[in-house]
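Presented below is the structure to which this report refers.
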Amino acid sequence: MIIPSNDKFTAEQLKEVETILKEFQCRVAPIPGDTMTIYAIHGDERNELMINRLEGLSYVSRVDTIQSPYKLMDLKSRLAGEDIKIGGRTLRKDLLIIAGQCTIDPKNPNFFLETAQAVKEAGGHVVRGGVWKPRTSPHSYQGSDKAIEILMDASAKTGLPVNTEVMDEHQLQIAVEAGAHMIQVGARNALNYSLLKKIGELTIKKGTLILLKRGMHMGTIDEFICAAEYIVSSGNRNVLLCPRGTVPGLDGYRCHPDESITPLLKMKTWSPVVVDPSHSVGRAVFVPHSALAAIAYGADGLCIETHVQPKNGIGDDPKQAITPDVLKKIISDATALFEMKKKYPMYAAKVV
Ligand code: PEP
Ligand code: MN
């Protein structure tokens, strides 16, 4: 990656850099940040002559050639020093709570508006709501473009940022244009590299946060981090990693809880870890335990399905959504635990 001497290259400087890279069959992708734009090199960046020519330019500070399959996500990357913020929270420093319904029911929009308000009152920071749903059966409710209006209405009424999952480019475009503050990539699309690239490209200007779930069948930790690398190398560095349980599940749980990978992620990457206990254990009664375990393992946040009337919800809500009063207790205890955990520093470059 190329680190500029100033905060970013001018148009002429970028052109000159592109010309050099082209000679070596490489290309450049700018990744804007709060303090500076860094420039990812796509292609083999180890060519010594190419590095020397780039470093010979007066406006280039240095070229970092981290030998890692995820050189941008790597803890040693220049991006490790950048903050990711949403709803007045600075990730890694402040605990982040994302909560709300699995699925927005367009027939009962008031449920969602009430849930969003209750999430706010319980102390949540981002409201989640499924507009489009990846359902195992094609006969189950699949979501609807119309629900995006309910999602954005809830954001306007509560003043909280919102998160929703997209599964294809059409949905991505609608969500980005509507102004969704956080886009979720679900477990089923966690290795959909074309979608990950598109998300990076289409959200680059908006500074949207991306909540990348861990694939259900995902093997290694590196595979998970590499999936995030696709988004970052396409331009958007605001990626949060979300363990959500893997299959086969533990007998009695929906999945095999995997919050325990948090320290391993933090040893390798700077990206904040936001654990989803709801899909992991799959039953409301277990969610508080899994949520607090995630914080004990060093998670930076939680994404919890919550509904004002779970039994009248759709999708996963009747089974695994907690009520706002339980959410409030979890937030209170998770906040205390999160502060306590600061006594045991993790590897992340910027633990505060
Ligand atoms: C969800 O968040 O409702 C969801 C479908 O999650 P996952 O992709 O983790 O199954
Ligand atoms: Mn769900």
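Numbering (this note's numbering), first residue to last: 129 to 480.
All C-beta atoms, glycine included, are put in the ideal place defined by N, C-alpha and C.
Residues of its chain near residue i, where Cβ-Cβ distance is below 6 Å and the 5 sequence neighbours each way are ignored
{"i": "GLU140", "result": "none"}
{"i": "ARG174", "result": "THR193"}
{"i": "PRO446", "result": "PRO438 and LYS439"}
{"i": "LEU219", "result": "ILE212, PRO400 and ASP428"}
{"i": "LEU241", "result": "ALA282"}
{"i": "GLY377", "result": "CYS383 and HIS384"}
Cβ shell of residue i (< 8 Å), same chain only, five flanking positions each side left out
{"i": "GLY441", "result": "GLN229, CYS230, THR231, ASP233, PHE239, HIS435 and ALA449"}
{"i": "ARG263", "result": "TYR269, GLN270 and GLY443"}
{"i": "LYS386", "result": "First, the residue type needs correcting, since residue 386 is Asp and not Lys in the sequence shown. Only ARG342, PRO371, ARG372, GLY373, THR374 and SER408 meet the Cβ criterion."}
{"i": "GLU183", "result": "ARG190 and VAL191"}
Paired residues, beta bridge with residue i - DSSP
{"i": "LYS261", "result": "The partner list for LYS261 (beta bridge, DSSP) is empty, contrary to what the question assumes."}
{"i": "GLN312", "result": "GLU293 and LEU339"}
{"i": "GLY271", "result": "TRP260"}
{"i": "GLN229", "result": "GLY257"}
{"i": "ARG217", "result": "ILE214"}
{"i": "ASP222", "result": "LEU219"}
{"i": "THR397", "result": "ASP202"}
{"i": "HIS384", "result": "THR374"}
{"i": "GLU433", "result": "GLY228"}
{"i": "PRO132", "result": "VAL188"}
Proximity winner among the options, relative to residue i (alpha-carbon distances)
{"i": "GLY209", "options": "ASP222, VAL191, MET164 and ARG263", "result": "MET164"}
{"i": "PRO266", "options": "HIS417, GLU467, LYS457 and GLY443", "result": "GLY443"}
{"i": "THR138", "options": "LEU185, ASP379 and GLY287", "result": "LEU185"}
{"i": "LYS470", "options": "PRO438, ALA424 and ILE212", "result": "ALA424"}
{"i": "PRO107", "options": "PRO446, HIS384, GLU433 and LYS221", "result": "Any answer about residue 107 is impossible in this case: the structure gives the chain only from 129 up to 480."}
{"i": "ASP135", "options": "ASP172, LYS150, VAL188 and ALA157", "result": "VAL188"}
{"i": "VAL402", "options": "MET344, ALA419 and TYR167", "result": "ALA419"}
{"i": "ILE169", "options": "MET344, ASP162, LYS396 and LEU149", "result": "LEU149"}
{"i": "ASP296", "options": "PHE414, LYS325 and VAL290", "result": "LYS325"}
{"i": "LYS394", "options": "PHE414, PHE352 and PRO376", "result": "PHE352"}
{"i": "THR348", "options": "ASP162, THR331, LYS396 and ASP222", "result": "LYS396"}
{"i": "MET344", "options": "VAL413, GLY171, ASP404 and SER196", "result": "ASP404"}
{"i": "ASN236", "options": "ARG217, LEU279 and PRO160", "result": "LEU279"}
{"i": "ASP350", "options": "PRO416, LYS221, LEU203 and ILE459", "result": "LEU203"}
{"i": "ARG181", "options": "VAL294, GLU151, SER388 and ILE359", "result": "GLU151"}
{"i": "HIS417", "options": "LEU455, LEU142, THR390 and ILE389", "result": "LEU455"}
Distance CB(residue i)-CB(residue j) smaller than 8 Å
{"i": "SER362", "j": "LEU200", "result": "no"}
{"i": "ALA464", "j": "LEU430", "result": "no"}
{"i": "ILE327", "j": "LEU368", "result": "no"}
{"i": "GLY426", "j": "MET474", "result": "yes"}
{"i": "THR286", "j": "GLY258", "result": "no"}
{"i": "ALA246", "j": "LEU288", "result": "no"}
{"i": "CYS383", "j": "PRO197", "result": "no"}
{"i": "LYS261", "j": "VAL304", "result": "no"}
{"i": "TYR167", "j": "PRO158", "result": "yes"}
{"i": "ILE130", "j": "VAL145", "result": "yes"}
{"i": "LEU207", "j": "TRP398", "result": "yes"}
{"i": "ASN364", "j": "ILE389", "result": "no"}
{"i": "SER406", "j": "VAL415", "result": "yes"}
Cutoff 7 Å; reference residue i; Cβ partners in own chain excluding five residues on either side
{"i": "GLN195", "result": "none"}
{"i": "ALA421", "result": "GLU387"}
Inset, instruction - Count the CB pairs spanning the region 251-264 and the region 216-235 that are closer than 8 Å, and state whether there are at least three. - result: yes
Inset, instruction - Count the CB pairs spanning the region 317-327 and the region 266-280 that are closer than 8 Å, and state whether there are at least three. - result: no
Legend entry - Touching by the beta-carbon criterion (3+ pairs, under 8 Å), the region 301-317 and the region 335-343: yes
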